[in-house]
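Input: a single structure, listed below in structure tokens.
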Amino acid sequence: MYKYILLSLAFALAWPTQAQKQDDMRQAVEYLASQELGGRYPGTAGDTLASDYIVGKLRSLKLKPIVKGKKKTGFYHDFTYGKADVERTTHNIMAVLPGKDKRLRNEFIVVGSHYDHLGLGGKDSGSRRPDTVAVHPGADDNASGDAVVLELAKHFKKVRSPRSIIFAFFGAEEQGLIGSKNFLEWMKYDDERRINLPDGKEGIVAMVNLDMVGRMRDNALSVSGTGTSSQFKAMAEQVGEQQQLNVTCTPDGYGPSDHASFVAVDIPVLFLTTGGHMEYHTPDDVPSTLNYDGMQQTLEYSQELISRLASMPETPDYISVPAANMMSHAKFKVTLGLMPDVMGQSRIPGLRADIVVAGKPAHAAGIRSGDIIQEIDGKPVNDMNGYMERLSELEPDTTVPVKVLRGEKVLTFQVHLVASKR
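Position one of the sequence shown corresponds to residue 2 (the working numbering), numbered consecutively onward.
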């Protein structure tokens with residue numbers, strides 16, 4: 002009996018506490034989003050430092066590399082992109098945890114995040130401040146996702162999983178999901194060196210993507226792709242109830258992150274995010290702005306969700322779901338100067354203004370953060386699609402009524418629209 006007590010005590014001491022996990026995630030974010038790494042632009046010295054850091058963590062866990070017989074470079078999947086005169090070479094970083102179930106171990110789940118960012122920003126970089134050349138640290142986008150995936154790798158290395166798991170850190174996501182697309186293209190071809198990966202992309206039965214998971218508010222988490230397999234929605238909601246999170250489900254698996262590459266080749270996906278904020282794609286996306294308690298909640302949610310996915314007795318089916326947000330690439334002539342609630346947390350018709358920027362049209366008219374927009378120019382706004390449809394109809398240098406719900410009061414403000422900068 003004494004022997005078993007000692008073993009139990011040793012196991013408990015070896016298992017990291019919540020505080021230890023949070024501290025490890027904080028350290029990962031602070032390094033990946035440090036000034037030293039210069040914004041992790043693909044092919045730069047900062048990109049190399051970030052890669053070395055992630056590979057060091059994966060190697061320390063004794064996870065299997067993706068390429069046979071290469072202890073130092075076996076975790077890298079290199080690729081080149083761009084035009085001939087401006088080609089860049091970077092890589093995805095991957096490790097494999099073989100499944101423990103003899104029947105399910107040949108089915109693989111990809112658990113991924115992207116590790117690149119915008120470098121120094123500037124014109125045509127995707128920066129929301131294109132006139133500013135400065136390090137864009139990308140703490141939330143996406144050092145937060147990388148930190149959570151590293152913790153997930155630690156967790157599943159200890160508890161194992163019936164299905165095999167590929168832990169993937171994609172490069173060049175900000176340039177158009179290039180890393181994840183290249184990975185799936187690579188998987189089409191039989192390559193005997195890829196000893197620890199499935200034989201072709203058909204062996205990948207699901208993908209879980211974490212992108213911008215560092216700014217949780219009101220215990221809210223968005224999960225997209227819940228309609229891409231018949232059991233995903235119930236699973237995502239049940240885990241949310243268990244973890245006491247406000248989970249918003251979106252059926253389709255499209256969107257501007259790496260999960261979209263997988264759903265495009267008929268692989269069911271789940272995309273986790275805590276949503277946007279005003280520091281997104283700016284030099285102000287720094288580690289001190291993150292909610293590390295919220296990241297811990299996302300980690301625990303992800304652990305349970307992936308555990309259920311990995312132990313499903315049957316292979317997840319794939320369902321093709323049309324993109325819900327058909328207006329996502331619409332170009333608008335005007336701006337209200339606010340950041341809407343892209344996760345759709347409002348439980349009544351309308352769209353909540355998460356952040357109203359001081360000095361911009363909506364703020365100048367009297368609209369405040371937290372107001373729920375219900376009408377623009379006399380036409381209803383029931384959700385994000387309705388909001389963008391209203392904006393697409395408007396012209397600059399005009400004044401339109403905007404009706405909002407603030408608490409229990411319905412208020413109408415006259416907003417003078419200005420031209421959006423493009």
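Quick reminder that beta carbons are idealized off the backbone N, C-alpha and C, glycines included.
What you are looking at is a predicted structure, and each value in this text was computed from that prediction instead of being measured.
Within its chain, find whatever has a CB closer than 7 Å to the CB of G256; leave out the 5 residues flanking it on each side and keep chain order. The answer, listed in chain order, is S225 and F272.
With a cut-off of 8 Å on the beta carbons, I'd call D86 and H118 a contact; round off their distance for me. The pair is not a contact, with the Cβ atoms about 24 Å apart (cut-off 8 Å).
Rounded to whole angstroms, what's the CA-CA distance from D219 to A365? Just pull it up for me. Taking the straight line from one Cα to the other gives about 27 Å.
Taking the alpha carbon of D53 as the reference point, which residue from L105, Y116 and D318 has its own alpha carbon closest? Nearest C-alpha to D53: Y116.
When you compare only the Cα positions, how much space is there between T413 and K22? Whole-angstrom Cα-Cα distance: 47 Å.
Start and end residues, alpha helix (DSSP H) containing Y293: Taken as a continuous stretch (DSSP letters only), the alpha helix (DSSP H) holding Y293 covers Y293 to A311.
What is the DSSP secondary structure of R407, reduced to helix, strand or coil? The answer is strand: DSSP assigns R407 an E or B state.
Which term fits G1, buried or exposed, when burial requires 16 or more other beta carbons within 10 angstroms of its beta carbon? Residue numbering for the chain in the displayed model covers 2 to 423; residue 1 lies beyond these limits and cannot be assessed.
Distance between E280 and V403 (C-alpha atoms, nearest Å): The C-alpha of E280 is placed about 26 Å away from the C-alpha of V403.
Find out if the Cβ-Cβ distance for the pair L198, V97 is shorter than 8 Å. Yes, they are a contact pair.
Buried or exposed, going by whether 16 or more other CB atoms sit within 10 Å of the CB of T227? Result: buried.
Kindly list the residues whose CB is nearer than 6 Å to the CB of L105, restricted to its own chain and excluding five residues on each side of it in sequence; keep chain order. The answer, listed in chain order, is P163 and R164.
With a threshold of 7 Å on Cβ separation, who are the neighbours of W187 within its own chain once the five nearest residues in sequence on each side are excluded? So the list reads H78, once near-sequence residues are dropped.
Paired residues, beta bridge with S114 - DSSP: Beta-bridge pairing links S114 to F170.
Could you give the uninterrupted runs of the beta strand (DSSP E) lying entirely in the segment 192-276, keeping only those of 3 residues or more? Taken in chain order, the complete beta strand (DSSP E) segments of 3 or more residues contained in the segment 192-276 are 205-211, 221-225, 247-251 and 270-274.
Where does H282 land, buried or exposed, given buried means 16+ other C-beta within 10 angstroms? Within a 10 Å sphere around the beta-carbon of H282 sit 16 or more other beta-carbons, which makes this residue buried.
Just the Cα atoms here: how many angstroms apart are N292 and A420? Cα to Cα, N292 sits roughly 34 Å from A420.
Check each candidate in D378, Y319, Y388 and G367 and name the one with the smallest Cα separation from L352. A check of alpha carbon separations from L352 across D378, Y319, Y388 and G367 identifies Y388 as the nearest.
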